[in-house]
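Letter by letter, the sequence shown follows residues 1 to 334 of full-length UniProt numbering.
Glycine included, C-beta positions come from ideal geometry on N, C-alpha and C.
Following: one structure in structure tokens, then a few remarks.
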Amino acid sequence: MDDYVKRIHLAIEYIYRHFDQHIVLADLAQAAHFSPYHFHRVFTAIQQETPNNYLRRIRIERAANLLLINPPFPMQQIALDCGFKSQALFSRAFRTHFGMTASDWRKGEQWTLDGLSYNWRQQSHRNNEKILQDSKNCKVSHTDKPIESIPDTQRSVALAAARNGALPKQISALKFEKMPSYRWVYFWQNGVELEQMFTLWQRVARWGQAHGLTNTNSRCVSRMLDNPNVTDHQRCAYAVGLLVDATFQTERNILVADIAAGQYLVVDFCGTVADSMILAEYVFGYYLPHSKWELDETRPGHTLGPIKDPQETLLATTQFTYQLCVPVKQRRAK
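Here it is, written out as structure tokens:
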């Protein structure tokens, strides 16, 4: 991994850890070990957007994700948790970005099935070209041919069934458990089209093989920092890596981090990448809301599974076996 790419990722990680705080350019530059001037240039070149534009976008998109959590968070709390000084500022920024109010977004009438994810429909505006352009800039679009494992009609039926409580055949077990902290080494990229994810998985598998980390007990970890239902697929940050012990020595340019210990919902899954939509629909649309637990938005989730053979050709029909680990906390009292 290029040293600059690693350092920019450190700045992005800083943002995700300090969402509710006031963040300035100097903070990010320090996290990435750059001068503010140099950081601005490097960040913009790698991310294809300025640090300020990036920060503003992911604050709004994080809020959009929190608005989807059931039971609902108070709107004012979401605004503060995402770094907005007031609900009024948040409401204005949200409408500019998504072309609809936060309240309308929460109603959930904007979703349409689109390839491997959902897509929010562009809402009409009254002669406001700036709002229209801003909304188009962040609208999810799929320029590549959609990759599917089952027809859209059949998938829509499966999604509706999962949302209404039918256990998908791809899920073999669900349990709430306390997990220890793990250390992992990982690579990351922007972009979550299927071919991009496959390329990263194989890159990690080859790297692990070269470093003696691909035996039968090895575990691959993946983590998506953004929700592809909300964020443009080419701007979604995606990380894949391998579990290692505390004594593992790695190269200077490789990222190393700890996965937080705590309570998780652990879901055993076997299916295609497209089938993971059904998994998410059941877990977040039905199972969690009907449990005594709720999503812990302060910790990112991850998947944990065996490493694929780096020589294997990965296809849309390839079956993946892994555990989805969703961070949870006790449900708030009403």
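So is residue i buried or exposed if we call it buried at 16+ other beta carbons inside 10 Å?
i	result
tyrosine 16	exposed
phenylalanine 320	buried
alanine 160	exposed
asparagine 229	buried
alanine 93	buried
tyrosine 37	exposed
asparagine 190	buried
alanine 205	buried
To the nearest angstrom, report how far apart residue i and residue j are at their CA atoms.
i	j	result
glutamine 202	threonine 50	30 Å
arginine 252	lysine 178	32 Å
glycine 165	tyrosine 282	7 Å
leucine 242	isoleucine 12	20 Å
leucine 67	arginine 163	18 Å
alanine 316	valine 192	14 Å
arginine 223	alanine 88	32 Å
histidine 22	proline 306	40 Å
asparagine 65	asparagine 227	8 Å
alanine 63	threonine 112	20 Å
valine 267	aspartate 104	31 Å
tyrosine 238	asparagine 52	21 Å
lysine 292	glycine 301	18 Å
glycine 262	proline 327	7 Å
proline 72	arginine 106	9 Å
valine 5	alanine 333	43 Å
glutamate 312	glutamine 249	28 Å
glycine 212	cysteine 220	13 Å
According to DSSP, simplified to helix, strand and coil, what is residue i?
i	result
asparagine 227	coil
valine 5	helix
threonine 303	strand
proline 327	strand
glycine 285	helix
glutamate 195	helix
leucine 315	coil
serine 86	coil
leucine 66	helix
Which residue or residues does DSSP assign as beta-bridge partners of residue i?
i	result
residue 346	Residue 346 lies beyond the range of the chain shown here (1 to 334); nothing can be said about it.
glycine 99	Glycine 99 is not bridged to any residue.
alanine 260	The partner list for alanine 260 (beta bridge, DSSP) is empty, contrary to what the question assumes.
threonine 112	Asn119
glycine 271	Phe320
glutamate 294	Lys329
glutamate 177	Tyr264
leucine 167	Answer is none; leucine 167 lacks a bridge partner.
Thinking C-beta only, is residue j closer than 7 Å to residue i?
i	j	result
alanine 31	tyrosine 14	yes
alanine 102	serine 91	yes
arginine 331	valine 244	no
glutamine 170	glycine 271	yes
histidine 97	isoleucine 60	yes
threonine 303	leucine 279	no
leucine 167	valine 273	no
phenylalanine 19	alanine 29	no
Measuring only between beta-carbons, confirm whether residue i sits less than 7 Å from chain C.
i	result
tryptophan 120	No chain C is present in this structure, which holds just one protein chain.
Should residue i be listed as close to the ligand FAD, given that the test is whether its C-beta is under 6 Å from any heavy atom?
i	result
phenylalanine 90	This structure simply doesn't include the ligand FAD, nor any ligand for that matter.
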